[in-house]
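Here the sequence shown is numbered in my numbering, starting from 12 and rising by one per residue.
Yeah, the Cβ is synthetic: ideal placement off N, Cα and C, and Gly gets one too.
Predicted model only: the values in this text are computed from it and were never measured.
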Amino acid sequence: MARRNLPPGRFGWPLVGEMMEFLRANWEGCPDKFVRDRVERYGSTMFRTCVFGEPMVFLCGSAGNKFLFSKEGKKVGHWFPAPIRRLSGRSLVFMSGDEARVRKKLIVAGFFNTNLLKKCVPTMDEITRGYLETHWQGRVSN
């Protein structure tokens, strides 16, 4: 990709990239701080960086997610950096491609089984009503 076509951002130090800033934000308990800082710095919800030793582009917000998920397997592919793949093993969260698509469909199909929903709805209703009574009693919704 030609440099003029890259989104704003920087790759940071050779080998290390911006990994230290990324880890610092996570250690401070604010993993989104890394992303928010760059969105503010570059004035764009899309920026380039280098973490886990891999150059990458972050897409933020609903428009970025819609683009990414609507184009999966067509114009872009989602992948995870090698260290994350090694740590996660064959976790479905980190899988992509046809095998992941089939497995995810099987899991989702199980959640929307009519008999299962009939069993779960009363419990969900009870929890929701309890929450509303405890936290929303006397409040007005706009």
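Could you give the C-beta distance for Gly20 and Arg49, rounded to a whole number, given that I count them as a contact under 8 Å?
-> Numbered from 1 along the sequence shown, position 9 holds the residue referred to as residue 20. Numbered from 1 along the sequence shown, position 38 holds the residue referred to as residue 49. Right, the Cβ-Cβ distance comes to about 7 Å (below 8 Å), so this counts as a contact.
Is Leu70 helix, strand or coil when you go by DSSP?
-> For the purposes of this step, residue 70 is taken as residue 59 along the sequence shown, with counting starting at 1. Three-state result, Leu70: strand.
Pairwise C-alpha distance: Phe122 and Lys130 = Sequence index remark: in the sequence shown, residue 130 carries index 119 (1-based). Sequence index remark: in the sequence shown, residue 122 carries index 111 (1-based). Answer to the nearest angstrom: the Cα atoms are 12 Å apart.
Taking just the CA atoms, how far does Arg150 sit from Met12?
-> Here residue 12 refers to the residue found at position 1 when the sequence shown is read from its first residue. Here residue 150 refers to the residue found at position 139 when the sequence shown is read from its first residue. The predicted position of Met12 is uncertain, since its pLDDT is 48 and thus under 50; a value taken from the coordinates is nonetheless stated next. One C-alpha to the other measures close to 54 Å.
Alpha carbon to alpha carbon, how far is Glu110 from Gln148?
-> To locate residue 110, count along the sequence shown from 1; it is residue 99. To locate residue 148, count along the sequence shown from 1; it is residue 137. Each residue's alpha carbon lies about 47 Å from the other.
Determine the DSSP secondary structure at Glu65, reduced to helix, strand or coil.
-> Reading the sequence shown from its first residue, position 54 is the one you call residue 65. Three-state DSSP puts Glu65 in a strand.
Would you check if the distance between the CB atom of Ala93 and the CB atom of Phe69 is smaller than 9 Å?
-> Working through the sequence shown from its first residue, we reach residue 93 at position 82. Working through the sequence shown from its first residue, we reach residue 69 at position 58. Contact: no.
When Leu17, Asn76, Arg114 and Ala36 are compared against Tyr53, the one with the closest alpha-carbon | For the purposes of this step, residue 53 is taken as the residue at position 42 of the sequence shown. Tyr53 has its Cα closest to that of Leu17, out of Leu17, Asn76, Arg114 and Ala36.
Taking DSSP as the reference, what is the three-state secondary structure of Phe58?
-> The residue labelled residue 58 in the question sits at position 47 within the sequence shown. Note: Phe58 maps to strand in three-state DSSP.
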